[in-house]
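Some notes on the structure that comes next.
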Amino acid sequence: MDHEDHCTLFVEAAVKANRELYRRIQTPDASFYEALQVGAGGDVTHGIDQLSEDIFADHLGGFGKIISEESGLIGSGDSIITLDPLDGSDNFLSGLPYYGTSVAWENEAGEMLAGIVTNLATGRIYIKTKKRYVFGNLESMQLYSVTPRANPTVGIYERVYRSFENVNKLKRAKVKYRSPGAIALSLALAANVSFVIMEGALRDFDVKAGLFMCEGLYQHKTNDLTLICHQENIFKRLKTILFEDD
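Quick note on this note's numbering: the sequence shown kicks off at 5 and runs consecutively.
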């Protein structure tokens, strides 16, 4: 089996896992909201997190070892699958419709092979491989190429609650943004919105698949702040506002 066929099988397996989880959560269950333990990523694992991890481990375990936010290392193999079983867990637990899953697949050399990010609240899925970057509906799997939006009017600022200084800088510059609370989903939208800003240190669970989808975009990173834009003029303006202005 050649690389492209293997990649196709991985994407198909990830789609099946997402679809199974998506259908399960259409019927609310009290067990989804039960706190279980502190996961490998340092956050509390709830029933929905564990359910999602179990589903993905079942579908993807044959493609390599899984590094999950909940259980840490699962299985073995040369390839590495980085999994966030529920991106935006607090949103799910609070009934805010912006949460999903994030899967990144790389070979033993650290080369990214595929990234899949899914919004479980809407059924929108984003898939990137070396050959394509597409989005569509999880159930119908009608897929369309991701193309940058020409005139976005708002950006995304994740973890804005951690900031004070940068909020004031953006306020003075009259920059509009939202803070929806699911980093992988927001990165998958980077070609649609004016910008994506992320405050604080970034964990692979949260960003590996999403950053793969941001390849080719304008990016600037420090230890505490990451800026991503698909339009050069917006990138230059925000870089000046956030990183260069006193």
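Glycine included, every Cβ here is placed at the ideal spot set by N, Cα and C.
- Rounded to the nearest whole angstrom, the C-alpha separation of Gly45 and Glu24 is 24 Å.
- Fully contained in the region 66 to 150 are the following beta strand (DSSP E) runs of length 3 or more, in chain order: 69 to 72, 76 to 78, 84 to 91, 104 to 110, 116 to 123, 128 to 133, 137 to 141 and 147 to 149.
- Cβ neighbours of Gly127 within its own chain (closer than 7 Å, five residues either side excluded): Tyr26, Asn141, Leu142 and Glu143.
- Separation of His224 and Gly185 (C-alpha to C-alpha, rounded to the nearest whole angstrom) is 21 Å.
- Assigned with DSSP and collapsed to three states, Arg163 falls in coil, not helix or strand.
- A contact between stretches requires three or more CB pairs, one per stretch, nearer than 8 Å, and the region 170 to 179 fails this requirement with the region 215 to 224.
- The C-alpha of Leu206 is placed about 22 Å away from the C-alpha of Lys240.
- The three-state secondary structure of Leu231, taken from DSSP, is strand.
- In chain order, Ile160, Glu162 and Val200 place their CB closer than 6 Å to the CB of Ser190, counting only its own chain and leaving out the 5 sequence neighbours on each side.
- By DSSP's assignment, Ala39 forms a beta bridge with His50.
- Within a 10 Å sphere around the beta-carbon of Glu115 sit fewer than 16 other beta-carbons, which makes this residue exposed.
- In terms of CA proximity to Gly92, Thr49 leads the group Lys178, Ser80, Thr49 and Ile131.
- Asp228 and Ala194 have their alpha carbons spaced roughly 19 Å apart.
- Just measuring C-alpha positions, the residue of Lys178, Ile120 and Arg28 sitting nearest Leu13 is Ile120.
- Per DSSP, reduced to three states, the secondary structure at Val15 is helical.
- Counting only residues of its own chain and dropping the five nearest sequence neighbours on each side, His63 has a CB closer than 8 Å to the CB of Ala17, Ala18, Lys20, Ala21 and Glu24.
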